[in-house]
Amino acid sequence: MSKHSKWLLGLTFLYMCGVSAYMLSHRMWFSPDQFFLVALLGMIFIGRAKMFIVDWLPFLLSYFSYEFLRGLVPFVSNHVHIWTMIRFDTWMFGAIPTIVLQRLFYTPSNLHWYDYVAVILYICHFVTPMIVGFYFWLTDRKLFKEFSWAFVTLSYCALAIYILFPAMPPWMASGKGYLPPIQEVTGVVMSHFLPAPGAVPTIYAIMDGNPVAAMPSLHFALPMLVFLFLLKKFKWKGVLFAPYVFGVGFAVIYLGEHYFMDVLAGGVLACLVFLGVQRRTAIGALASKFWKRRVVVLPAV
């Protein structure tokens, strides 16, 4: 790769990071479809638009299908699990971590720096995997394909669990009286962000969310998956991403979005999916090597 090409790729990556930071700082969730369109503009500029569409469109269409199906879960199962997570967290810690953390650290009338950090980590749910995936695509398309396959597989595995085990998050359990009051930190913090300049079109406007899709926590599972792929690419240097991963785990518990059980399940699921994809990749590589070595000798006529 020429020095000029490296500069173009670097500027493109910084462009995506800048757009992401702008949208998040203006209270706008940067969804995958918005990310795709913004990235496509950059790819047109450097002449990689066709390659980008070929590699990213199947990945995003698969993920949008997952999001659509996730919104149908409440219509499939009416039984919502409440006490399993409460009992598990109480057994582990003697109390619900969210309640303890908010009593120790949250002051509604005086927001602290860690409140902002927690919310930023939480709302980067879509952005971080997309940015890392984009980096993989710019530098290592083979690794990007592995990553995108793992990303979609993880999402659909979580969907299967949501169908079989719909779980109520802490904030909802508190609102319904199953837990003591839990503060809505996210909304309070985001009210201090810059106002949005206007609505940005997104396919998510026509999709229904699923409020009882809490176990496993994809908010933690996706950063964990990213972490594992960064370890694969950068070896020990990938450990530098670990504080972000565990920061997300702390944030979603502190904000009342997930129980510790949800986070633990998300981490385990991410590890299993990563190992499964690596095994599949290794088997595929061996099969390809075998067929390349095989020589078929046709009889002379």
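First residue of the sequence shown: 17, per the working numbering; consecutive thereafter.
All C-beta atoms in this analysis are idealised placements derived from N, C-alpha and C, irrespective of residue type, glycine included.
Fair warning: this is a prediction, and the values are worked out from it, not measured in the lab.
By how many angstroms is the C-alpha of residue j removed from the C-alpha of residue i?
| i | j | result |
| --- | --- | --- |
| P185 | Y79 | 23 Å |
| A176 | T144 | 24 Å |
| L56 | L244 | 27 Å |
| S164 | L247 | 16 Å |
| A237 | S125 | 32 Å |
| M67 | D49 | 17 Å |
| S131 | G263 | First, the residue type needs correcting, since residue 131 is Asp and not Ser in the sequence shown. The straight-line gap from Cα to Cα measures roughly 12 Å. |
| P239 | Y122 | 25 Å |
| Y82 | Y172 | 6 Å |
| K249 | F152 | 9 Å |
| G193 | I98 | 11 Å |
| W320 | E273 | Past the boundaries of the shown model lies residue 320; the chain is included only from 17 to 317, so the question cannot be answered. |
| V168 | F75 | 7 Å |
| F160 | A286 | 16 Å |
| L195 | A189 | 6 Å |
| I69 | S47 | 17 Å |
| G149 | W72 | 10 Å |
| D105 | Y275 | 7 Å |
| I136 | W129 | 11 Å |
| L120 | A166 | 37 Å |
| M59 | A65 | 5 Å |
| Q199 | Q118 | 7 Å |
| D156 | V255 | 20 Å |
| F290 | G63 | 32 Å |
| P259 | I139 | 17 Å |
| P197 | T100 | 19 Å |
| F257 | G265 | 13 Å |
| A174 | F61 | 37 Å |
| V261 | V293 | 20 Å |
Going by DSSP, name the residue or residues bridged to residue i.
| i | result |
| --- | --- |
| H97 | A183 |
DSSP on residue i, reduced to helix/strand/coil?
| i | result |
| --- | --- |
| A229 | strand |
| E83 | helix |
| E273 | coil |
| Y194 | coil |
| H128 | coil |
| S207 | coil |
| D156 | coil |
| S47 | coil |
| V312 | For V312, the predicted structure reports a pLDDT of 49, less than 50, and the residue's modelled location is therefore unreliable. The matter cannot be settled from this model. |
| Y260 | helix |
| Q199 | coil |
| T106 | helix |
| A111 | coil |
| G63 | coil |
| Y122 | coil |
| H235 | helix |
| F142 | coil |
Select from the options the residue whose C-alpha is nearest the C-alpha of residue i.
| i | options | result |
| --- | --- | --- |
| D278 | V293, F257, A258, L234 | L234 |
| F51 | F142, W129, F121, I136 | F142 |
| Y178 | E162, G282, L288, L127 | G282 |
| V54 | L180, Y138, M146 | M146 |
| V284 | V293, L241, W252 | L241 |
| I102 | A230, V293, K251, F257 | A230 |
| P182 | L280, H95, I62, I60 | H95 |
| L280 | L77, R296, P232 | P232 |
| L288 | G191, I139, Q199, L170 | L170 |
| H208 | F257, A258, V133, L154 | V133 |
| R295 | L127, E162, L154 | E162 |
Quick one: is the Cβ of residue i within less than 6 Å of any heavy atom of the ligand HEM?
| i | result |
| --- | --- |
| Q199 | The ligand HEM is absent from the structure shown, which contains no ligand whatsoever. |
Closest Cβ-Cβ distance between residue i and chain B: below 7 Å?
| i | result |
| --- | --- |
| A176 | Although the question refers to chain B, the structure presented lacks it and comprises just one protein chain. |
Exercise. Counting pairs of beta carbons, one from the region 268–287 and one from the region 113–120, are three or more of them closer than 8 Å?
Worked result: Cβ pair count under 8 Å is three or more, so yes.
Problem set entry | the region 202–209 touching the region 91–111, judged by at least three CB pairs closer than 8 Å | No contact exists between the region 202–209 and the region 91–111.
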